[in-house]
Amino acid sequence: MHPVHSPSTRRAGFSLIEVTLAIGILGMAILSLVGILGSTFQQVDEIMQTNRALAGVTRLIGALDNPRSIVYLDASADSNPANTKYIHQGLQAKLDPVAAIPASNFEIAYRLLAPANTTNSAVWLYVYDRKMVIAVADAQAGATVTYNLYSNPSAMEVASCAGNSDNFTAIAANTRNVVGTPMRVRLTLSKLLVGQRYQIDTVTGEPSVAKWSPGTALPVDPNLYALAYLPVVAEFFPHDYVDSTVFKAREETPILVQNIIISR
Amino acid sequence: MKSSLLRTARRGFTLIEVMVATAIMIVIVLAVVTIAADTFKAYDRAVADLTTQSEARGALDAMENDFQTAVIRPDGRCWMEVILPGSTTPAGVPKAVGNLQPVDHPIVMLFSAPPDRPRWSPVATTPRTAFKGDVCAVAYRIGQRSPFDAPGDPIQQVYGVYRTIIDPEATFRDALPILFASTAATPKSPWDYWNGARLVPNYSVSATSGGFQTRNLIDQSLVQTGGATSNYCWTLDDQNFIASNVVSMHLTFWCTSSLPASSTVTGALVDPLKRPAEMLRPVVVGSADTFKFGPSAYGGYIGEYVTNTTSSSTNAAPLRFAPASGAPVPVTGVSTTHPYDTYGARLRIYSDRMYPDSLGPNNAATATSLPYMPYSVKAVEVSLTILTPEGSKELRALQKLTAAQGATGIALPAVNDYKRIVNQYGRNYTRYIKLMANGG
Chain A
1 MHPVHSPSTR
11 RAGFSLIEVT
21 LAIGILGMAI
31 LSLVGILGST
41 FQQVDEIMQT
51 NRALAGVTRL
61 IGALDNPRSI
71 VYLDASADSN
81 PANTKYIHQG
91 LQAKLDPVAA
101 IPASNFEIAY
111 RLLAPANTTN
121 SAVWLYVYDR
131 KMVIAVADAQ
141 AGATVTYNLY
151 SNPSAMEVAS
161 CAGNSDNFTA
171 IAANTRNVVG
181 TPMRVRLTLS
191 KLLVGQRYQI
201 DTVTGEPSVA
211 KWSPGTALPV
221 DPNLYALAYL
231 PVVAEFFPHD
241 YVDSTVFKAR
251 EETPILVQNI
261 IISR
Chain B
1001 MKSSLLRTAR
1011 RGFTLIEVMV
1021 ATAIMIVIVL
1031 AVVTIAADTF
1041 KAYDRAVADL
1051 TTQSEARGAL
1061 DAMENDFQTA
1071 VIRPDGRCWM
1081 EVILPGSTTP
1091 AGVPKAVGNL
1101 QPVDHPIVML
1111 FSAPPDRPRW
1121 SPVATTPRTA
1131 FKGDVCAVAY
1141 RIGQRSPFDA
1151 PGDPIQQVYG
1161 VYRTIIDPEA
1171 TFRDALPILF
1181 ASTAATPKSP
1191 WDYWNGARLV
1201 PNYSVSATSG
1211 GFQTRNLIDQ
1221 SLVQTGGATS
1231 NYCWTLDDQN
1241 FIASNVVSMH
1251 LTFWCTSSLP
1261 ASSTVTGALV
1271 DPLKRPAEML
1281 RPVVVGSADT
1291 FKFGPSAYGG
1301 YIGEYVTNTT
1311 SSSTNAAPLR
1321 FAPASGAPVP
1331 VTGVSTTHPY
1341 DTYGARLRIY
1351 SDRMYPDSLG
1361 PNNAATATSL
1371 PYMPYSVKAV
1381 EVSLTILTPE
1391 GSKELRALQK
1401 LTAAQGATGI
1411 ALPAVNDYKR
1421 IVNQYGRNYT
1431 RYIKLMANGG
């Protein structure tokens, strides 16, 4: 007796199309899950960058209070890490013009930032973490990598690249031993100035009646600026090493915006 | 009959069908595996970032608060001090911890008003007795132990930041009188308080003992050798643990100088770096294995370690703040360090000056030197290196292995393994903190 299988009780196999479809759907499901994970990691990155920017704010405030600690990197800084100056040396004619009478810290900060009355004339600075200790292999070309260090501390640095068209290049970052993503900071005058009598009348020595409105230029001479403080807005962007002509034209959302008050 | 059976029987896959299906499957599986591997890598990175950052934030937030509220009175007394472990002077400084170099884990002592200071007496009374005052003696140091057990199994021993806050009454009763007794002949500093057995409120001891204990504040002994009430190190007590896997803590003090960049008056003291007085200059605490800053041609700083300095090298040039000739020691090259801003294993910080001592290779006190730096500290920059969980795991496994191989005491992995792990897994976190009390 041969077993008789009726067509109704026999289980049909999966066709190739069915199997392929099933695998395809499974693949899509896994890929979409992975996609969600990807956006999570992107958020983690953003959190890290925001935190870095928050740490940078304190450093930037310190640097604007003591602008002589802002490093000035011109084009030659790319090739020679030692060839760096401070901003009052790099922009001496603008910031600290009289050698015999060194400008006060506020005067330097004022001369740097007062012209930033519009987005187009914004001052760009860079804030980054920098390894203070360089491994032998980093410091000397051709040296073999030896872990000669027990630790690797870093310091935050604020730099102006005004001498290099506001470009902080990847090579400069390398020669400065930058750790992580540098922050690009756009500084403009704050709206806190709106309605303030900002100018000293040279005849009376008192503040003149003119009030500041967005876009108004501040007096060039810090002594003719009437207020005891200079409010600026700092907008932090992660620096992606594109050319300044590109990033200045971009509509970007800053990862952090901070009002900074620089006191006389 | 037979032919109908054949018609209804299930037809198998052909070889080509199976091969095509397998190929498609392989392609999809490979793609998924690749993406999954990348995902896991990204996941590991995210975990490492978030974990190290949360540890760093714990320690840096505390330090930010303490340095911002630091008390530095302009009364000619030393209100802040940094000592490197392993220093030969002053007496009683503990040895370096584990694989760490002295320069990587300074002992920092200051006075400040932490919001999380002990507020209540540990003595059980109704109502509770509040501690009066707000100025507390605060110390930071790095220790290596299990956060749960002292010193604990090698697999649990982690490097961690320990922050000790002495309650304001004990600070007023025990610490400040020591500081106020300072004279020119016998100067006193925070170390004179911390290097002693003091009464501290211990909220974890039983009410029958009154909640107070006499403990050595800073010393070597982690373990109770004399029973439950024995006097062992309080600063490395588990109650003071605030961040784990911290393998280095570097402090850079940013200071102004009261000396002019130049002077036409003969014999006048000038700043050897020839910088304007209000320009900030870094001061770091170094040791024989020195961590140095060196200015480049125009004042940009580079830093390096110098392990062997000789008296003939620029590195070992005498540390004279105000050299007789008035000329700074020349800086000859990129990797040459400048001696002036590098100081020894101990730094005592006053409102308007700093006293470095035990200067190591740079020490050459001469009659022409100022015995102190006329620097006023305005800000401190703290840099922490923190191991990722993976790095910590590897280090602890090596500790366990070393212990299993018969090491006694705290098991230390080989130095090169340790260095590699720090280089590979160390993450840096830096914060710049202004000292409000001193015009920062």
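If you're matching them up, the sequences are chains A and B in order.
Count the first sequence with my numbering and you get residues 1 to 264, in order.
Count the second sequence with my numbering and you get residues 1001 to 1440, in order.
Even glycine gets a Cβ: it sits at the ideal position worked out from N, Cα and C.
Between the region 1015–1031 of chain B and chain A, which residues of the former have a C-beta closer than 8 Å to a C-beta of the latter?
Taking 8 Å as the upper bound on Cβ-Cβ separation, chain A lies near residues 1017, 1020, 1021, 1024, 1025, 1028, 1031 of the region 1015–1031 of chain B.
Report buried or exposed for residue 105 (chain A), applying the criterion of at least 16 other Cβ atoms within 10 angstroms of its Cβ.
Classification of residue 105 (chain A): buried, given that the 10 Å Cβ count is 16 or more.
Between the region 1180–1196 of chain B and the region 1074–1083 of chain B, do three or more beta carbon pairs fall short of 8 Å?
yes
With a cut-off of 8 Å on the beta carbons, I'd call residue 185 (chain A) and residue 234 (chain A) a contact; round off their distance for me.
5 Å
What is the DSSP secondary structure of residue 129 (chain A), reduced to helix, strand or coil?
Strand.
Would you check if the distance between the CB atom of residue 92 (chain A) and the CB atom of residue 255 (chain A) is smaller than 7 Å?
no
In chain order, what residues of the same chain have a beta carbon less than 7 Å from the beta carbon of residue 216 (chain A), not counting five sequence neighbours either side?
117
How should residue 1177 (chain B) be labelled, buried or exposed, when 16 other C-beta atoms within 10 angstroms of its C-beta is the threshold for buried?
exposed
If we ignore side chains and look at the alpha-carbon of each, how far apart do residue 1028 (chain B) and residue 1046 (chain B) end up?
26 Å
From residue 1239 (chain B) to residue 1203 (chain B), what does the alpha carbon distance come to, in whole angstroms?
9 Å
If you count every other CB in all the chains shown that lies within 10 Å of the CB of residue 1128 (chain B), and 16 or more means buried, which is it?
exposed
Could you work out which residues of chain A lie near residue 1046 (chain B), taking near to mean beta carbons separated by less than 7 Å?
Those within 7 Å of residue 1046 (chain B) in chain A are 41, 44.
Could you give the distance in angstroms between the alpha-carbon of residue 1364 (chain B) and the alpha-carbon of residue 1234 (chain B)?
Summary for residue 1364 (chain B): the model assigns pLDDT 39, below 50, so the residue's position carries little reliability; its value from the coordinates is reported in the next sentence. Distance between the alpha carbons of residue 1364 (chain B) and residue 1234 (chain B): 36 Å.
Which residues in chain B have a C-beta closer than 7 Å to the C-beta of residue 62 (chain A)? List them in chain order.
Here the neighbours are 1379, 1432, 1434.
For residue 183 (chain A) and residue 127 (chain A), I'd like the C-alpha separation in whole angstroms.
5 Å
By DSSP, does residue 1027 (chain B) sit in helix, in strand, or in coil?
helix
What does residue 88 (chain A) pair with, by DSSP beta-bridge criteria?
According to DSSP, residue 88 (chain A) bridges with nothing at all.
When the Cα atoms are used, what is the spatial distance from residue 1106 (chain B) to residue 1395 (chain B)?
22 Å
Within 10 Å of its beta-carbon, does residue 1054 (chain B) have 16 or more other beta-carbons around it, so buried, or fewer, so exposed?
exposed
Quick check on residue 1323 (chain B): does DSSP put it in helix, strand or coil?
In this prediction, residue 1323 (chain B) scores a pLDDT of 26, lower than 50, which makes its location untrustworthy; the coordinate-derived value is nonetheless stated afterwards. Three-state result, residue 1323 (chain B): coil.
Is it buried or exposed, residue 1016 (chain B), if we count other Cβ atoms within 10 angstroms and call 16 or more buried?
exposed
Does residue 1212 (chain B) come out as helix, strand or coil in the three-state DSSP assignment?
The three-state secondary structure of residue 1212 (chain B), taken from DSSP, is strand.
Please check the pair residue 1247 (chain B) and residue 1161 (chain B), which I expect to be a contact at CB under 8 Å, by giving their CB distance rounded to whole angstroms.
About 10 Å separates the two Cβ atoms, so there is no contact after all.
Tell me whether the beta-carbon of residue 1377 (chain B) lies closer than 7 Å to the beta-carbon of residue 1251 (chain B).
no
With a threshold of 7 Å between beta carbons, is residue 74 (chain A) in contact with chain B?
no
Is it buried or exposed, residue 199 (chain A), if we count other Cβ atoms within 10 angstroms and call 16 or more buried?
buried
Do you know whose CA, among B:1266, B:1375, B:1264, lies nearest residue 1279 (chain B)'s CA?
Looking from the CA of residue 1279 (chain B), the closest CA among B:1266, B:1375, B:1264 belongs to B:1375.
Tell me which same chain residues have a C-beta within less than 6 Å of the C-beta of residue 1174 (chain B), skipping the five on either side of it?
1198
Taking CB distances under 7 Å as the criterion, tell me whether residue 1386 (chain B) reaches chain A.
no
Among A:181, A:45, A:167, which residue has its Cα nearest to the Cα of residue 73 (chain A)?
A:167
Note the first and the last residue of the continuous beta strand (DSSP E) segment covering residue 1074 (chain B).
Unbroken run through residue 1074 (chain B): none, as it is neither H nor E.
Buried or exposed: where does residue 1319 (chain B) fall if 16 or more other Cβ atoms within 10 Å of its Cβ makes it buried?
Per-residue confidence for residue 1319 (chain B) stands at a pLDDT of 26, beneath the threshold of 50, marking its modelled position as unreliable; the derived number appears in the next sentence. Residue 1319 (chain B) comes out buried.
Let me confirm a value: residue 1163 (chain B) is counted as buried when at least 16 other C-beta atoms fall within 10 Å, else exposed. Which label applies?
buried
Residues of the region 149–169 of chain A in Cβ contact with chain B at a cutoff of 8 Å, in chain order, please.
149, 150, 151, 152, 153, 154, 155, 156
Could one say the Cβ of residue 1421 (chain B) lies closer than 7 Å to chain A's Cβ atoms, at least one of them?
no
Going along chain B, which residues have a C-beta under 9 Å from residue 34 (chain A)?
1032, 1035, 1036, 1038, 1039
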